[in-house]
Structure formats: C-alpha cells, structure tokens
Amino acid sequence: MTVVVSAQGAARWQGGHPWIYRTDVYDEPGDSPGIVTVTNRRGRHLGQALYSPKSEIRLRLLTHGGEPVDAGWWGGRIAAAAARRAGIPATGYRVVHAEGDGLPALIVDRYGAYVVAQLLSAGLERVRDDVIAGIRAALGPEGVLLRNDAPIRRHEGLPLEVVPAFGTVPELVAVEEHGIRYFAAPHTGQKTGAFLDQRENRALVGAHTAEGRALDLFTYHGSFALHLARRAKTVLAVDVSAEALARGAQNAALNGCANITWREANAFDLLRELDRGEETFDTIVLDPPAFAKTKQSVPRARAGYKEINLRAMRILAPGGVLFTCSCSYHVHRGVFGEMLAEAARDSGRRLQLLAQVGAGRDHPEIVTVPETTYLKGALLQAVD
Ligand SMILES: C[S@@+](CC[C@H](N)C(=O)[O-])C[C@H]1O[C@@H](n2cnc3c(N)ncnc32)[C@H](O)[C@@H]1O
C-alpha cells in the first residue's frame, strides 16, 4: 500500500518529527491499518510508516529506507534500544519508549525476566506477531504480557485488553532499583505495573534525604518511600489507592524496612490538615498524577499544583528538602517553574533549586519531538 502526503507532511518528517496528520494525507489507502510506503505527490519515496485510518495521527514514521519491516527489523531496532540502556543499575526499566526510541506507539518495559509491552496504534497492532517475535529475539524474556488497556487506544479504534503474548507473566514481579527491591504488578498495576520514569529521581531524592521525618505524597506502592526510608527516621507514605498501599507494605517487608507508615488518604485533604497544625517534615515528595489531561485544563491543573506545593512548602522544616514534579505533558517546564515561584513567594519560604530533572534516561526526550517531554521535577531546599 502506498500513501501520498503533502509537502507540509513531508517537511514534518524532514524536521525530525515522526507524525503526519490526516489533513496532510492525499489518497487514503482504505480502512486497513498496517505498514505503508509513503511518497510525495511526484512519487518520490519518503519512507515507511505505521498507518492508522481512524486516528488524526495518520502516519508514524518507521524508516526512511525501503528495507523489509519484518520480525528481524523489529528485533534489530529493539536490540539497539536495549543496548542504549546498558549499565542501568536496575532490573526494572523501559527498553523502548515509543517515539523517544524511533519506534512510534511501542512501549516495551522490562521487569526482571519478563516483558510488559503496549501497542498503541492500529498500524502497530496489525503487525503484532512480528513485534512480539522481535521482542523475544532481542530480549529473550520468559514471558511477554500486552497491557493494551491504555485509553489512548480508543483514538485508534482498538479494544482495551490485557492479554498474554508469550509464556506466563506472574501477578507480581520483584525488581531491583539502585539497591532497593520492589514488587511490580504487571497485570493490574498502574501504567505497565510501576512508574519506571521516576527511577533516577528516586535515587537522587534518596541521596538528598534528610534525617528525621519524611512525607511521600502520592506514593503509589512506595517506590520513593523505600528510598527515603534508608536515611529518614520515619516516613509517612500516602495514596488514595488501598491496593497500591497494600503492595507498598509488601515492598517494605521485602526490604526489611519497618519505619514507613502507610496511610490511605486524599493528599489534598491531608495537606490542608497538616497545614493547619504544627508538624513539619524534613523531606517531602510530591509526585501527583497528571492534573492536566488537555490543553484546556492547564489553568485548573496549575491551581491544583500550586495548592499542594504551597502547603508542602509551609510544612517543610528549616533546611528541609522538597522534591516536586508534574507528569502533565500540557504543563510545560516554564509554567511549572512559574507556579513553583508563586508558591514559594506565597509561602514566604526561601528555596534553593538544587536540581531540575526529567524522566530517566530510559525514557529518552527527543528535542524535535516535544511529545516525548512530559515529566519535570525540581529538587528544592529550604535555605531561610
Ligand atoms: C504518578 S503516581 C505516583 C508514583 C509513585 N510516586 C512512584 O514513584 O511509584 C500518582 C499516584 O497518586 C495517587 N493519587 C491520585 N490522586 C490522589 C489523591 N488525591 N491523593 C492521594 N493520592 C492520589 C494514585 O493512586 C497514584 O498512585
């Protein structure tokens, strides 16, 4: 199948972005997704792409060449992505970060001997067997699970499902991360079973944790809390998900860690309560879910971020450390920084910026593909 695209569509690829939108596609090849050859109006070959007939993002570039895109091709690309992760001191990390690794719509996460993958476009779903064969050839896993329940698949006209693709992946898989062990839940956990993108930030915060009292808000299954607990005397870990907290307690036991208290609560309510009282914390982590799911919701999301940051700053002990972040793609770094400055001003605290961070190196950000940048964090210290 061949798809003809406009000069504007071709220019996008030349500019380093892999997407071509519906409005830049001439001659729709029908309603069958898959891998297509792409040319300009004069018939010049531009590359091969995943074609999604129901999505606004019609084409996602795979290769500028004309080589066969078969199981061997996928295996080679996935092996190259794995090689770029060499030396990561963890057994749970992302091997393929979709557009960030030049493999659009494909997520491949490694949890020890197992792989959890997501196929997030109709074109990719059509070549599922080749992709799975490529994963097996490149990574040699004992089992591959497809967590194809990401809501984004709806834009592609694809069903939401969790299905085994090869072997058996256990309900819980223990992984190591910079000296900490935790159980990921590939079948039922959030994302593909754990928040792998914060791995390096957890190590960073662990290294800056003050002695004394620590507070981990939006803890999920305690991945930050476990790092905090190595230095802090006590850690209060808070989340709304009872299921995640139960696994957090299992994770604490796995590390022989007895200084974490798990509390099921709404972080907004708890912060309001703490803000009224006298308690302070020497280390605080704020890792909320994405408050802005759309561009339109940014002002409201910004207000939510400001509220939790302002209250956290107020209950930070003198000399204390605050790690705060946003994983909302639509809340850009500038907006996040301005929000933090406003919260600091309103709190009356003097805060030093120790580090500005993004996602770990297993979630590559490509400068010509803004959609690959979503996580932003700041490590702050009270210096008043
Ligand atoms: C980005 S995840 C946190 C990931 C975690 N820090 C880690 O490193 O694994 C956000 C978490 O916030 C929780 N959550 C969402 N809304 C909440 C609220 N209002 N109060 C407390 N927790 C909330 C979710 O259940 C989820 O576990």
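Residue numbering for the sequence shown follows this note's numbering, beginning at 108 and increasing consecutively. Think of the CB as a built atom: it goes at the ideal place given N, C-alpha and C, for glycine as much as any other residue. Computed from a predicted model, the values in this text were never measured in an experiment.
Only exposed fits GLN403, as fewer than 16 other CB atoms lie within 10 angstroms of its CB. Annotation for PHE443: the continuous alpha helix (DSSP H) segment containing it runs 440-454. At a threshold of 7 Å, ALA351 counts as near ligand 1, since its beta carbon sits closer than that to one of the ligand's heavy atoms. Checking the DSSP bridge columns, you'll see LEU168 partnered with ALA156. Looking at the backbone, the Cα of VAL474 and that of VAL222 are separated by about 28 Å. Three or more Cβ pairs drawn from the region 344-358 and the region 325-332 lie within less than 8 Å of each other, which places the two stretches in contact. Along the length of the region 303-377, whole beta strand (DSSP E) runs at least 3 residues long occupy 320-324, 341-346 and 367-371, reported in chain order. Beta-bridge pairing by DSSP links ARG254 to VAL269. In this structure, DSSP gives ARG468 a state outside helix and strand, which the three-state scheme calls coil. Taken through DSSP and simplified to helix, strand or coil, ALA408 comes out as helix.
In terms of Cβ geometry, ARG192 and ASP469 form a close pair [threshold 8 Å]. Your pair ALA339 and ARG320 checks out as a contact, with CB atoms roughly 7 Å apart and the cut at 8 Å. Per the Cβ contact rule, the region 264-279 is not in contact with the region 165-182 (fewer than 3 Cβ pairs under 8 Å).
Here GLY199 is near GLU284, since their CB atoms are less than 8 Å apart. Just so you know, the alpha carbons of ARG119 and VAL215 end up roughly 26 Å apart.
DSSP lists ARG167 as the bridge partner or partners of TRP126. Around the beta carbon of GLN225, a 10 Å sphere encloses 16 or more other beta carbons of the protein chains shown; the residue is thus reported as buried. Residue state for GLN225 is assigned as strand, using DSSP reduced to three classes. Scanning its chain for C-beta atoms nearer than 6 Å, with the 5 sequence neighbours on each side dropped, one finds around ASN308 the residues VAL464 and GLY484, in chain order. When LEU447, ALA212, VAL392 and ALA424 are compared, the shortest CA-CA separation from ALA410 is found for LEU447. Between LEU486 and ILE391, the C-beta gap is not smaller than 8 Å, which leaves the two residues out of contact. In the three-state DSSP reduction, ASP389 falls in the strand class (E or B). Per DSSP, GLY179 is one residue of the alpha helix (DSSP H) stretching across 178-191. In this structure SER159 touches SER228 by the C-beta definition: roughly 5 Å separates them, less than 8 Å. Per DSSP, the continuous beta strand (DSSP E) segment holding VAL112 begins and ends at 109-112. By the criterion of a C-beta distance shorter than 8 Å, HIS334 is surrounded in its chain by HIS285, ILE287, ARG309, ALA310, VAL312, GLY313 and THR316, once the five residues flanking it on both sides are discounted. Under the Cβ criterion (8 Å, minimum of three pairs), the region 445-460 does not count as touching the region 392-401. Excluding the 5 residues flanking it on each side, LEU324 has same chain C-beta neighbours closer than 6 Å at VAL345, ALA374 and LEU393, in chain order.
In this structure ALA189 is not in contact with LEU279, their Cβ atoms being roughly 24 Å apart against a cut-off of 8 Å.
Straight through space, the alpha carbons of ARG421 and TYR412 are spaced by roughly 14 Å. Here HIS204 carries a strand assignment [DSSP, helix/strand/coil]. For ASP216, the CB stays at least 7 Å from every heavy atom of ligand 1. Within 7 Å of the C-beta of SER330 there is at least one heavy atom belonging to ligand 1.
Within 7 Å of the C-beta of THR326 there is at least one heavy atom belonging to ligand 1.
Between PRO293 and LEU252, the alpha-carbon positions lie close to 8 Å from each other. Contact annotation: GLY241 and ALA291 have beta-carbon atoms that are not nearer than 8 Å.
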